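Student:
In the working numbering, the protein residues as written are 1 to 252.
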């Protein structure tokens with residue numbers, strides 16, 4: 001396959017790192033974004049001609065522009081975008097919600113994704129490229145104290161649908177990665193005490209009994225979608241292990 005250029009956000013750990021590693025193993029070029037530079041620098045040293053990176057906060061106003069410019073100046077094009085960054089907290093019941101904290105979460109989970117989408121659309125249109133939005137099962141379900149996170153991921157799913165309608169030359173897919181063994185799951189176990197007890201216990205037992213998804217599993221699917229997603233998937237939402245995505249799975 002021809003080498004593609006893919007932007008990956010939240011790339012220093014967990015799913016984002018797994019996406020980056022999968023793409024690099026297939027000799028694709030990546031533009032990596034994270035607030036932390038250490039892991040990105042390690043990838044740059046290992047794949048010097050395939051990696052460009054920016055250590056930045058996606059919620060800062062000019063970050064999306066800087067990421068786009070870095071991709072174009074370094075590699076000359078953009079074929080794909082993986083919107084993976086996001087936060088889980090605040091985890092509180094709606095009656096106890098801080099509107100300011102919800103706004104901060106929406107900046108991280110939605111508005112920064114919108115900004116990056118807007119910046120990259122002209123280049124993705126030219127490349128007939130792809131955007132993969134890392135969503136969540138919470139986008140279509142509901143848990144006590146997850147109102148901010150779940151509704152922001154539902155908004156991300158809707159953004160994916162609207163880009164698909166407006167930009168027929170760009171394939172957009174929203175993917176739930178499952179319950180993945182990442183720092184976000186650790187945060188959930190430590191801070192999810194306002195969840196309904198039965199729901200909280202399922203997350204805790206999935207960890208204790210080894211049922212969490214490995215980042216390389218769902219991350220591998222997301223990486224392949226970023227370079228190979230078929231146009232007929234555009235605007236749709238899938239769980240990472242859905243039968244419709246079987247061709248994008250790799251043995252882990």
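Note that the Cβ used here is the ideal one computed from N, Cα and C, for glycine as well. Just so you know, these numbers come straight off a predicted model, no measurement behind them.
(1) So is residue 263 buried or exposed if we call it buried at 16+ other beta carbons inside 10 Å?
(2) Alpha carbon to alpha carbon, how far is residue 200 from residue 189?
(3) Relative to the C-alpha of residue 253, which candidate in 93, 170, 32, 221 has its C-alpha closest?
(4) Going by C-alpha to C-alpha distance, which of 148, 62, 107, 179 sits closest to residue 209?
(5) If you compare alpha carbons, which of 40, 93, 86, 138 is closest to residue 111?
(6) Cα-Cα, which of 40, 58, 102, 104 is closest to residue 51?
(7) Below 8 Å between beta carbons: does that hold for residue 31 and residue 83?
(8) Return the CA-CA distance between residue 229 and residue 223, expressed in angstroms with no decimal places.
(9) Taking the C-alpha atoms as reference points, what is the distance between residue 158 and residue 131?
(10) Just the Cα atoms here: how many angstroms apart are residue 237 and residue 129?
(11) Tell me, which residues are paired with residue 221 by DSSP?
(12) Taking all protein chains shown into account, decide if residue 109 is buried (16 or more other Cβ within 10 angstroms of its Cβ) or exposed.
(13) What is the rounded straight-line gap between the Cα of residue 240 and the Cα of residue 19?
(14) Flag this pair as yes or no: are the beta carbons of residue 71 and residue 121 separated by less than 8 Å?
(15) Opposite residue 176 in the DSSP bridges: which residues?
(16) According to DSSP, is residue 147 part of a helix, a strand, or is it coil?
(17) If residue 161 and residue 80 are in contact, beta carbons under 8 Å, what's the gap, nearest whole angstrom?
(18) Which ranges does the alpha helix (DSSP H) cover as unbroken runs of at least 4 residues, wholly within the stretch 56–142, from first to last along the chain?
Tutor: The relevant details are as follows:
(1) The displayed coordinates of the chain run from 1 to 252. Any statement about residue 263 would go beyond what the structure contains.
(2) By 1-based counting over the chain shown, the position of residue 200 is 200. By 1-based counting over the chain shown, the position of residue 189 is 189. Each residue's alpha carbon lies about 8 Å from the other.
(3) Because the chain is modelled from 1 through 252, residue 253 falls outside the range shown and cannot be assessed.
(4) Along the chain shown, one-based indexing puts residue 209 at 209. That would be 179, whose Cα lies nearest to the Cα of residue 209.
(5) Here residue 111 refers to the residue found at position 111 when the chain shown is read from its first residue. When each option's Cα is compared against that of residue 111, the closest is 86.
(6) As a first step, residue 51 is located in the chain shown; it is residue number 51 there, counting from the start. Residue 51 has its Cα closest to that of 40, out of 40, 58, 102, 104.
(7) As a first step, residue 31 must be located in the chain shown, where it is residue number 31. As a first step, residue 83 must be located in the chain shown, where it is residue number 83. No.
(8) Counted from its first residue, the chain shown places residue 229 at position 229. Counted from its first residue, the chain shown places residue 223 at position 223. Rounded to whole angstroms, residue 229 to residue 223 spans 10 Å at the Cα level.
(9) Residue mapping note: residue 158 aligns to position 158 of the chain shown, counting from 1. Residue mapping note: residue 131 aligns to position 131 of the chain shown, counting from 1. Distance between the alpha carbons of residue 158 and residue 131: 13 Å.
(10) The sequence position of residue 237 within the chain shown is 237, counting from 1. The sequence position of residue 129 within the chain shown is 129, counting from 1. Near 18 Å, if we compare the C-alpha coordinates of residue 129 and residue 237.
(11) Within the chain shown, the letter at position 221 stands for residue 221. In the DSSP output, where bridge partners are listed per residue, residue 221 has none listed.
(12) Here the question's residue 109 lines up with position 109 in the chain shown. Flag for residue 109 reads buried.
(13) Sequence index remark: in the chain shown, residue 240 carries index 240 (1-based). Sequence index remark: in the chain shown, residue 19 carries index 19 (1-based). Distance between the alpha carbons of residue 240 and residue 19: 13 Å.
(14) Locating residue 71 in the chain shown gives position 71, counting from the first residue. Locating residue 121 in the chain shown gives position 121, counting from the first residue. For residue 71 and residue 121, no; Cβs fall outside 8 Å.
(15) Residue numbering aside, residue 176 sits at position 176 when the chain shown is read from its first letter. 239, per the DSSP bridge assignment.
(16) Stepping through the chain shown from its first residue, residue 147 is reached at position 147. In the structure shown, residue 147 sits in a helix (DSSP, three-state: H, G or I).
(17) In the chain shown, counting from the first residue as 1, residue 161 sits at position 161. In the chain shown, counting from the first residue as 1, residue 80 sits at position 80. Contact doesn't hold; Cβ gap of about 18 Å is too wide.
(18) 63–75, 99–106, 112–127
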